[in-house]
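Engineer: This is the structure I have questions about; it appears just below.
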Amino acid sequence: MKLLPDIEDSLLLEGRSFTRKGLHAYCSQEAGNLVLPAWKREVFAFIALFMDPAGGTIIQKSSGSTGDPKTFVLSREAMLLSAQRTLRFFKLRRGERVLLSLPVHYIAGKMMVVRALLGGLDLQLREPSSRPLKNLSESIAFAAMVPLQLEESLNHGDPVERISKLLIGGGDLHPATREKLSRMSSPEVYESFGMTETYTHFALKRINGPDPDSSFKLLKGVRIGLDKRDCLEVEVPGITDGLLSTNDLVEINKQGDEFSWLGRFDNLINTGGIKIIPELLEEQVRDCIGHECLVLPEPDRKLGNRLALVVEFEGSDPPIELWKDLLRNRLSAYEQPKRVLTVGALPRNASMKPDRTSSRNLLL
């Protein structure tokens, strides 16, 4: 096979050794095995496509981080470049076990497969459920999960400590989860920053251990800047075509190699002429009342928009007046929510992030 010369002719999948040709043949066959669950057939189909000697087209829908979601063709060369940066950062070695617990129809799942192929890693397949570590018995050098998977695993006592290095992306971790992680020596947990257009992460932030990071650190070679809206622009050599504009509001350090994420430009709320970044305000509210929440705009004749707070709360007697008292002592006058309501569970999108658009229906 002349395709993908960087991938060696000795590969591992769930403890089995394959040549490149053998792996392609095996996955091509298993992709059509109707006895297998759909999620596993999807993994085999992607491996077969990626290893296809004819170089079949790999299609991916973008996340919408840089505008409206769109469908585009992934470059195998760019996928390999992204995978190489990750392998080097985490110092992963041939033969180590890595875990795939994300759907491969997302770029994050695809890239876990490519990292394993390029690095000669032993890829372990797990159903992309809320508890991918349930009954896990072997040690894992590297895994990637979304916040819901990590939180459910911790809440149920699943063996998270069997993972050496864990990458978290696709949403925000609950403050209680961050507190649990701060007391754990294993795994090393890294929050990722990236998007489909950058072939997953281009910056990482260690969030536990003796010296956690306070901001995202760029991977080697990545360059960033700000556009006229103070939104992030990023250039990833070999992946982006020059600077890629995003809708992410950030603060960049003087050296230009680290940044702090503030929120999304398209989520800004203009209330009485003052622009509120809801993500920053939500962080303060969560720290204050200890519950997941969303700050949303609600039409107001005088202010244009007023702030409404939707709190995730299970129970029949939410202490709303207590929350208001706590927030009055914590927030400035223009940050105070004019309306507070509760919901048993916030609506979430396919990536398990709180869905702001759907949540606005709660205000009706």
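Here numbering that gives the first Met the number 0 is used: position 291 in the sequence shown is 290, and no number is missing along the way.
Quick reminder that beta carbons are idealized off the backbone N, C-alpha and C, glycines included.
#1: Indicate the three-state DSSP secondary structure (helix, strand or coil) for MET0 in the structure shown.
#2: Three-state secondary structure (DSSP) at HIS23?
#3: List the DSSP bridge partners of HIS200.
#4: Beta-carbon within less than 7 Å of ILE276's beta-carbon, same chain only, minus the 5 sequence neighbours each way: which residues are those?
#5: If we count the other Cβ atoms within 10 Å of its Cβ and call it buried at 16 or more, is GLU13 buried or exposed?
#6: Verify whether the separation of the beta carbon atoms of LEU99 and VAL112 is less than 8 Å.
#7: Taking 7 Å as the limit between beta carbons, can you name the residues of its chain near ARG364, skipping five residues before and five after?
#8: Less than 8 Å between the C-beta atoms of SER358 and VAL309, yes or no?
#9: Give me the Cα-Cα distance between HIS290 and PHE312, rounded to the nearest whole angstrom.
#10: Measure the alpha-carbon distance for ASN246 versus HIS104 and round it to whole angstroms.
#11: So what's ALA143 in DSSP terms, helix, strand or just coil?
#12: Would you kindly work out how many angstroms separate the C-alpha atoms of ALA344 and ALA24, rounded to a whole number?
#13: Tell me which residue opens and which closes the beta strand (DSSP E) that PRO318 is part of.
#14: Where do the N-terminal and C-terminal ends of the alpha helix (DSSP H) with GLN83 fall, by residue?
#15: Find the nearest neighbour of LEU325 within the set VAL339, ILE238, GLU196, judged by alpha-carbon distance.
#16: From GLU278, LEU180, GLN59, SER136, pick the residue whose C-alpha is nearest to that of ASN154; which is it?
#17: With burial defined as no fewer than 16 other Cβ atoms inside 10 Å of the residue's Cβ, what is the status of ARG92: buried or exposed?
#18: Pick helix, strand or coil for SER16, following the three-state DSSP scheme.
#19: Between LYS204 and ASP212, is the Cβ-Cβ spacing less than 8 Å?
#20: Report the partner residues of TRP38 according to the DSSP bridge assignment.
#21: If you draw a straight line from the C-alpha of PRO68 to the C-alpha of THR341, how long is it?
#22: Are the region 182 to 201 and the region 158 to 167 touching, with three or more C-beta to C-beta distances below 8 Å?
#23: By the three-class DSSP mapping on this structure, what secondary structure does SER244 have?
#24: State the CB to CB distance for the pair ARG130 and GLU151, rounded to an integer number of angstroms; the pair is presumed to be in contact (CB under 8 Å).
#25: Going by DSSP in three states, LEU279 sits in which element: helix, strand or coil?
Structural biologist: So, from the listed chains and residues:
#1: Its pLDDT being 40, under 50, MET0 is placed unreliably in this model, and the value from its coordinates should be taken loosely. Three-state DSSP puts MET0 in coil, outside helix and strand.
#2: DSSP places HIS23 in helix when its eight states are reduced to three.
#3: Assignment of beta-bridge partners to HIS200 by DSSP yields GLY193.
#4: Cβ within range, chain order: LEU248, LEU261, GLY262, LEU267.
#5: By the neighbour-count definition (other C-beta atoms within 10 Å, threshold 16), GLU13 is an exposed residue.
#6: Yes, Cβ-Cβ distance for LEU99 and VAL112 is below 8 Å.
#7: Since the first residue of the chain shown is 0 and the last is 363, residue 364 is not available in this structure.
#8: Cβ atoms of SER358 and VAL309: closer than 8 Å.
#9: Near 7 Å, if we compare the C-alpha coordinates of PHE312 and HIS290.
#10: Taking the straight line joining both Cα atoms gives about 23 Å.
#11: DSSP places ALA143 in strand when its eight states are reduced to three.
#12: For ALA344 and ALA24, the gap between their C-alpha atoms comes out near 45 Å.
#13: Careful: PRO318 lies outside any beta strand (DSSP E) and carries neither H nor E.
#14: Where GLN83 is concerned, the enclosing alpha helix (DSSP H) stretches over 75 to 88.
#15: Cα-wise, what sits closest to LEU325 is VAL339.
#16: Of the residues GLU278, LEU180, GLN59, SER136, the one whose Cα lies closest to the Cα of ASN154 is LEU180.
#17: By the 10 Å Cβ count, ARG92 comes out exposed.
#18: Looking at SER16 - three-state DSSP - the assignment turns out to be strand.
#19: Cβ distance < 8 Å, so LYS204 and ASP212 count as in contact.
#20: Paired residues: none, contrary to the question.
#21: Looking at the two C-alpha atoms, the distance is approximately 31 Å.
#22: Touching, yes, given that three or more Cβ pairs across the two stretches are closer than 8 Å.
#23: It is a strand residue.
#24: Cβ-Cβ separation between ARG130 and GLU151: approximately 5 Å, consistent with a contact (criterion under 8 Å).
#25: Residue state, collapsed to three classes: helix.
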